[in-house]
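Mind the numbering: the sequence shown is residues 1 to 202 in the working numbering, read in order.
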Amino acid sequence: MARLALVVAACALALGGSLQLNKPTTVAPRAAAKTALGAGFGTDVRKAKKGGKKSRSSAAGLTTDNGWVPLVELECSLEAGEARAVGRSITGKPYLVRRKQDGDVVATSCECGRCEYPLTKSETQVVDGVEQVLCEMCGAAYSLDDGAGVASEAKGNPLFGALLRNKPDKPLSVYPTKELDGGAVYVNITPKSRKAAAIDAM
1 MARLALVVAA
11 CALALGGSLQ
21 LNKPTTVAPR
31 AAAKTALGAG
41 FGTDVRKAKK
51 GGKKSRSSAA
61 GLTTDNGWVP
71 LVELECSLEA
81 GEARAVGRSI
91 TGKPYLVRRK
101 QDGDVVATSC
111 ECGRCEYPLT
121 KSETQVVDGV
131 EQVLCEMCGA
141 AYSLDDGAGV
151 ASEAKGNPLF
161 GALLRNKPDK
171 PLSVYPTKEL
181 DGGAVYVNIT
191 PKSRKAAAID
201 AM
């Protein structure tokens, strides 16, 4: 043990630093359960309230056991049409959280289902009452309600749009969201289409 301490001290001095071996260090106790992890997951678990009416904007039932996680990086409210990539899905990619024109908050996968270009700055349009997001690279359009690809006249990028339009198109993943009165947004880690399939299988 003494030999290891001498080697560490010699390395520290060789690198131009100083090392004090006889000063004891104390480790602060871990913070309470309200500490937020950097990956967009909070460590506190909200338990469902017993009895009474469940408010539409309460956190009751939004537990990690049920797949709900708070998007702690979303520090301020989104404006209509604004999108931000925050948190991490179970695939390690961020959620694209956007406020629709009707005021609802929706979370989708972050990349285009055809060309995998990030949709963070893509424009939205409302066609036949359905809000759609348009990929600025390939021109693909997706419904923000269910992530399905929809017909689009958009050309995309002048250089690459024509080449990318022939790639196969897969739908965006759309995740259930809940916005609380204070502006906090919770997202469920299971996409809506997979969740519906799991319920149908029961």
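Where a beta carbon is used, it is the ideal one built from N, C-alpha and C, also for glycine.
What you are looking at is a predicted structure, and each value in this text was computed from that prediction instead of being measured.
Quick check: what's the CA-CA separation for E123 versus D102? 15 Å
Ignore the nearest five residues each way along the sequence and tell me which others in Y117's own chain have a CB closer than 8 Å to its CB. So the qualifying residues of the chain are E111, C135, E136, M137, C138.
Are three or more beta carbon pairs between the segment 139-151 and the segment 169-180 nearer than 8 Å? The segment 169-180 and the segment 139-151 touch, with three or more beta-carbon pairs separated by less than 8 Å.
Let me know the secondary structure DSSP gives T91 once reduced to three states. coil
State the Cα-Cα distance for the pair G106 and E82, rounded to the nearest angstrom. Strictly speaking, residue 106 in this sequence is Val, with Gly absent from that position. Near 11 Å, if we compare the C-alpha coordinates of E82 and V106.
How is N166 classed by DSSP in three states: helix, strand or coil? coil
Drop a sphere of 10 angstroms on the beta-carbon of A197, count the other beta-carbons inside from all chains shown, and report buried for 16 or more, exposed for fewer. Residue placement at A197 is poorly supported in this model, since its pLDDT is 45, which falls under 50; the coordinates still yield a value, given next. That one is exposed.
What is the DSSP secondary structure of N157, counted as helix, strand or coil? coil
As assigned by DSSP and simplified to three states, the class of K178: strand
Which residues in the same chain have their Cβ closer than 8 Å to the Cβ of G67, if we skip the five residues on either side of it in sequence? N188, I189, T190
Is G113 closer than 8 Å to Y142 when the C-beta atoms are compared? Pairing Y142 with G113 gives a Cβ-Cβ distance under 8 Å.
Pick out the complete beta strand (DSSP E) segments inside the segment 109-136, 3 residues or longer, and give them in chain order. 124-127, 130-134
Could you check whether V97 and A71 sit closer than 8 Å to each other, using their CB atoms as the reference points? Looking at the sequence shown, residue 71 is not Ala but Leu. It is a contact, given that the beta carbons lie within the stated cut-off.
Suppose you measure from the CA of T120 to the CA of A60; what does that come to, to the nearest Å? In this structure, the straight-line span from the alpha carbon of T120 to that of A60 is close to 30 Å.
Identity of the residue in Y186, Y175, R165 nearest C115 by Cα: R165
Pick out whichever of A140, E179, S109, E131 has its Cα sitting closest to the Cα of I90. S109
Please tell me whether R99 and A85 are closer than 8 Å, where the distance is taken between their beta carbons. It is not a contact, given that the beta carbons lie outside the stated cut-off.
In the DSSP assignment, the beta strand (DSSP E) including V185 goes from what residue to what residue? 185-188
When we look at the beta-carbon of K192 and count the other beta-carbons within 10 Å, is it buried (16 or more) or exposed? buried
I'd like the list of long-range same chain contacts for Y186, defined as Cβ closer than 6 Å, with 5 residues on each side in sequence excluded. L62, W68, P70, K178
Where do the N-terminal and C-terminal ends of the beta strand (DSSP E) with P70 fall, by residue? 68-70
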